[in-house]
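2 protein chains.
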Amino acid sequence: MLSVPADNQDHGANRPLPRDAALRGRAEQVIPGGMWGHMSAKRLPPAFPQFFRAAQGTRLTDVDGNTYVDFMCAYGPMILGYNDPDVEAAAAAQQAIMSIANGPGEAMIELAELMVETIPAADWAIFGKNGTDATTACVSIARAATGKRKILVATGAYHGAAPWCTPWPGGVVAEDRAHIVNYTYNDVTSLEAAVVDAGKDLAGIIVSAFRHDARTDQEMPTREFAQAARSLADRSHAALIVDDVRAGFRLDLGGSWEPMGVAADLSAWSKALGNGHPIAAVTGKDWLRDGAQSVYLTGSFWCAAAPMAAATTTLKKLHELDAVVQMVRMGQRLRDGVAEQAKALNVGLRQTGPVQMPLMLFDDDADLEKASLFTTTALRHGVYLHPWHNMFLSAAHSEEDIDRALEATQLGLKAVAAATT
Amino acid sequence: MLSVPADNQDHGANRPLPRDAALRGRAEQVIPGGMWGHMSAKRLPPAFPQFFRAAQGTRLTDVDGNTYVDFMCAYGPMILGYNDPDVEAAAAAQQAIMSIANGPGEAMIELAELMVETIPAADWAIFGKNGTDATTACVSIARAATGKRKILVATGAYHGAAPWCTPWPGGVVAEDRAHIVNYTYNDVTSLEAAVVDAGKDLAGIIVSAFRHDARTDQEMPTREFAQAARSLADRSHAALIVDDVRAGFRLDLGGSWEPMGVAADLSAWSKALGNGHPIAAVTGKDWLRDGAQSVYLTGSFWCAAAPMAAATTTLKKLHELDAVVQMVRMGQRLRDGVAEQAKALNVGLRQTGPVQMPLMLFDDDADLEKASLFTTTALRHGVYLHPWHNMFLSAAHSEEDIDRALEATQLGLKAVAAATT
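Chain order of the listed sequences is A and B. Quick note: the first sequence uses this note's numbering, first residue 1, plus one each step. Quick note: the second sequence uses this note's numbering, first residue 1, plus one each step.
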């Protein structure tokens with residue numbers, strides 16, 4: 001059992017955030033539950049703010065004026081720093097001339113060309129607004145191109161909030177999952193069994209870039225698993241779909257499975273693509289062009305030029321900065337520092353997944369009380385960490401940011417150590 | 001048969017748009033079919049440009065430098081004029097401080113409060129990015145709140161591009177429509193029959209604001225139909241869902257069914273809400289709050305503050321300008337003028353739907369050749385009309401714009417008259 005010191009008894013519930021509390025009260029009146037979706041602070045320890053008022057570089061400021069070094073990056077979209085001057089200049093310049101119209105601007109072609117150039121498995125691109133737009137389009141394109149129906153999905157994997165994939169049962173009918181077959185990530189035997197189960201009706205296999213399920217140690221895909229997914233898809237004339245919505249452009253600019261030499265037939269992109277500007281993309285191989293054309297993929301803002309200009313600038317800057325190397329360097333500094341602290345304090349802490357998308361979970365912490373105490377303590381000391389979701393580094397994170405984080409993690413780990421002894 | 005004059009034989013296929021043609025060639029390489037979705041110019045007569053380079057007020061400029069008075073408003077999102085200075089100032093000011101973060105800003109509450117204040121049937125609001133996000137959320141919320149499954153949808157109605165509602169069969173499996181029951185818009189008997197068919201499993205009835213199916217004369221809902229939809233939903237403890245994505249804020253700021261005194265349980269909004277900034281919303285009645293909370297509705301950019309600031313400014317400005325009255329006045333001027341021209345030329349033309357969202361279809365024109373000749377002629381004279389989709393007026397359209405349009409329609413109607421005699 002966790003013995004929480006007196007001043008931390010409430011895990012920060014009494015941390016004074018009067019403006020945040022007032023806004024929560026107002027929000028409760030006009031929004032069901034005060035907030036919907038993955039950004040609801042009700043899913044976090046009580047000390048976490050719900051509302052923010054400023055975001056610059058790696059710093060977030062809540063509505064009560066507390067500023068944090070942020071390690072969530074808006075759950076992924078921020079990859080160059082909030083309000084990156086180059087991205088904002090490109091978006092604003094395009095917006096001033098034209099964003100929406102009765103058709104796209106040249107910005108759409110420039111972005112598609114850059115993605116095809118950057119991503120070896122991409123022969124073409126289509127754009128949308130949400131990660132869910134992209135993953136759902138991949139499923140529909142795979143079905144249209146193959147004339148088959150079954151889609152293999154890893155148990156517990158998050159691929160968006162549409163009825164076929166949402167993690168919550170509310171509003172879902174059984175038929176939404178009629179042709180979904182589950183397998184276990186990184187388990188070749190289970191994938192093979194799912195392929196057998198799907199039989200001649202296999203349209204596609206969808207895989208996350210790596211196993212990044214919340215509240216679970218992260219796992220990189222094994223080369224054996226990735227190659228099996230590729231060859232099983234080939235043998236069934238099905239599409240291998242890599243869901244790179246969350247991880248895209250943080251592991252490899254060419255796609256997260258590219259370093260393993262495994263080419264996706266279809267890839268879904270979103271979050272980091274426009275450094276926060278709303279955009280999603282599907283890229284695919286030539287054999288799926290006709291399938292893509294036969295699916296009605298559309299939305300009122302899907303051709304908006306300003307987010308495309310933002311995305312083009314984001315991708316170019318990621319190349320120029322060698323951003324992945326930079327994020328790995330800072331992520332490794334954080335991981336090594338925290339590991340050393342935990343070891344010295346004899347706290348059982350598991351840091352998993354790629355260092356630039358770290359997850360920290362404590363041993364013997366099924367109720368996440370240690371995680372809550374750890375992240376609440378860090379929050380009080382100006383560092384925003386997440387208790388059970390993977391975090392995100394960006395190319396804007398500096399050594400100073402990491403060192404600030406390490407001061408906070410040291411205090412957080414000490415609090416956990418004190419509470420467990 | 002239509003006898004097209006020699007210089008119009010190709011309906012404008014040879015109209016010189018060299019830059020557009022070059023961009024189409026580039027796009028074809030990196031985008032399946034060169035363009036996806038509702039903005040593909042391949043669905044339009046050949047003289048229509050695919051790519052645009054500027055949008056200001058009511059004027060669109062294509063990549064070859066031709067400027068048009070626009071009557072499509074980007075298929076609806078533009079309602080105050082492209083690049084409206086007040087909306088852009090609000091969005092830019094918010095963007096400079098914060099748009100995305102690890103949670104929303106106060107802008108979300110302000111917008112939700114304004115929508116609840118503006119829309120009598122709204123007790124709460126939730127925001128997304130696409131019209132399809134909003135309609136799909138309405139269906140899921142109705143199912144979650146009622147614990148039932150059947151959704152009644154009018155045959156031929158467009159409610160978005162998700163598998164449950166997309167107008168194209170590509171990528172759709174039969175189970176996606178397992179609990180969809182069709183009825184005929186404005187036909188009380190067919191609606192009653194669909195309710196009987198759904199039996200005790202009726203979760204919701206979705207209706208478009210008015211019948212605005214493409215290529216079909218538009219119809220306003222009859223009061224009898226609207227009241228029947230309301231009472232049938234009540235009797236079955238089901239949700240009445242008004243899809244106001246396309247029509248929202250053009251018929252009545254309080255909701256398109258509000259003037260008939262029929263309150264929606266759930267309404268879907270998007271297009272015009274942010275004057276082009278990407279945003280969608282669901283509003284609903286109190287009894288659906290719990291249902292809304294039980295559905296996992298989320299997306300990476302759904303809390304972005306800049307489009308919310310844009311939407312708040314748009315709604316306020318629509319109020320201040322008495323925008324609906326202004327759009328009706330201009331729409332009526334266009335309708336009356338075109339009707340007079342058609343009558344004088346003895347051309348059978350049907351103008352249907354609300355004057356601010358007009359559709360013009362010719363008699364004896366199943367292959368849309370007259371529509372093509374009419375709109376192509378107008379396009380050559382600097383006015384962008386649509387041959388088979390409803391058009392959109394905005395609060396920025398002036399008497400001068402309408403008079404410019406009437407010069408072009410006169411020429412278009414003359415061409416049709418000449419070709420048919």
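Where is the CB? At the ideal position from N, CA and C, for every residue including glycine.
Under the Cβ criterion of 8 Å, H38 of chain A is counted among the residues facing chain B.
Counting only residues of its own chain and dropping the five nearest sequence neighbours on each side, V172 of chain B has a CB closer than 8 Å to the CB of P163 and T166. For A21 of chain A, the closest Cβ of chain B is not nearer than 8 Å. With a 10 Å radius around the Cβ and a threshold of 16 neighbouring Cβ atoms, K271 of chain A comes out buried.
Interface annotation for the region 342-369 of chain A against chain B: empty, criterion Cβ-Cβ distance under 8 Å. In terms of beta-carbon proximity, L385 of chain B stays away from the interface with chain A, with every pair separated by 8 Å or more.
Closer than 7 Å at the C-beta level to chain B, one finds these residues of the region 50-77 of chain A: Q50, F51, F52, R53, A54, A55, L60, V63, D70, M72, A74, Y75, G76 and P77.
The DSSP-derived three-state label of I119 of chain B is coil. Proximity of N182 of chain B to chain A, defined by a Cβ-Cβ separation below 8 Å, is not satisfied.
The C-alpha of D403 of chain A lies about 17 Å from the C-alpha of M72 of chain A. The beta carbon of N102 of chain A falls within 8 Å of a beta carbon belonging to chain B, placing the residue at that interface. Going by C-alpha positions, V324 of chain B is about 36 Å away from P169 of chain B.
Contact check between the region 118-128 of chain A and the region 145-152 of chain A: fewer than three CB pairs, one atom from each, fall below 8 Å, which does not count as touching. In terms of Cα proximity to E106 of chain A, the closest of B:L253, B:A419 and B:P49 is B:P49. Residues of chain B with a Cβ closer than 8 Å to the Cβ of A27 of chain A are, in chain order, M108, I109 and A112. By the Cβ neighbour-count rule, G261 of chain A is exposed, with fewer than 16 other Cβ atoms within 10 Å of its own.
Exclusion of the five residues before and after A264 of chain B leaves A121, L240, I241, V242, G255 and W257 as the residues of its chain whose Cβ lies within less than 7 Å of its Cβ.
Close to V116 of chain A, with beta-carbon spacing below 9 Å, are these residues of chain B in chain order: Q29 and V30.
DSSP, read as helix, strand or coil, puts Y296 of chain A in coil. Of the other Cβ atoms in all chains shown, fewer than 16 fall within 10 Å of the Cβ of K200 of chain B; this residue is therefore exposed.
A contact between stretches requires three or more CB pairs, one per stretch, nearer than 8 Å, and the region 98-114 of chain B meets this requirement with the region 309-328 of chain B. In the DSSP assignment, the residues bridged to L361 of chain B are B:R350. In this structure, L359 of chain A and P387 of chain A do not form a Cβ contact; the two beta carbons are roughly 10 Å apart against a cut-off of 8 Å. In the three-state reduction of the DSSP assignment, T377 of chain B falls in the helix class.
Relative to the Cα of A55 of chain A, the nearest Cα in the group A:Y82, A:A306 and A:Y75 belongs to A:Y82. Taking a C-beta distance under 8 Å as the contact criterion, F52 of chain A and L23 of chain A do not qualify as a contact pair. Note that the region 125-133 of chain A touches the region 128-138 of chain B; at least 3 beta-carbon pairs, one per stretch, sit closer than 8 Å. By DSSP's assignment, L152 of chain B forms a beta bridge with B:V181 and B:I205. Shown here, V242 of chain A sits in a strand according to DSSP, grouped into three states.
Rounded to the nearest angstrom, the gap between the Cα atoms of A101 of chain B and G34 of chain B is 35 Å. Counted as a single uninterrupted DSSP element, the beta strand (DSSP E) harbouring Q56 of chain B occupies residues F52 to Q56.
Distances from the alpha-carbon of L80 of chain B to those of B:S236, B:L297, B:D322 and B:D64 put B:D322 closest. In the structure shown, A268 of chain A adopts extended strand secondary structure according to DSSP, grouped into three states. At a cut-off of 8 Å, the C-beta of I119 of chain A has no neighbouring C-beta in chain B.
With contacts defined as CB atoms closer than 8 Å, G291 of chain A and A238 of chain A fail to qualify as a contacting pair.
Closest option to L318 of chain A, judged by alpha-carbon separation, among A:T136, A:I206 and A:A395: A:A395.
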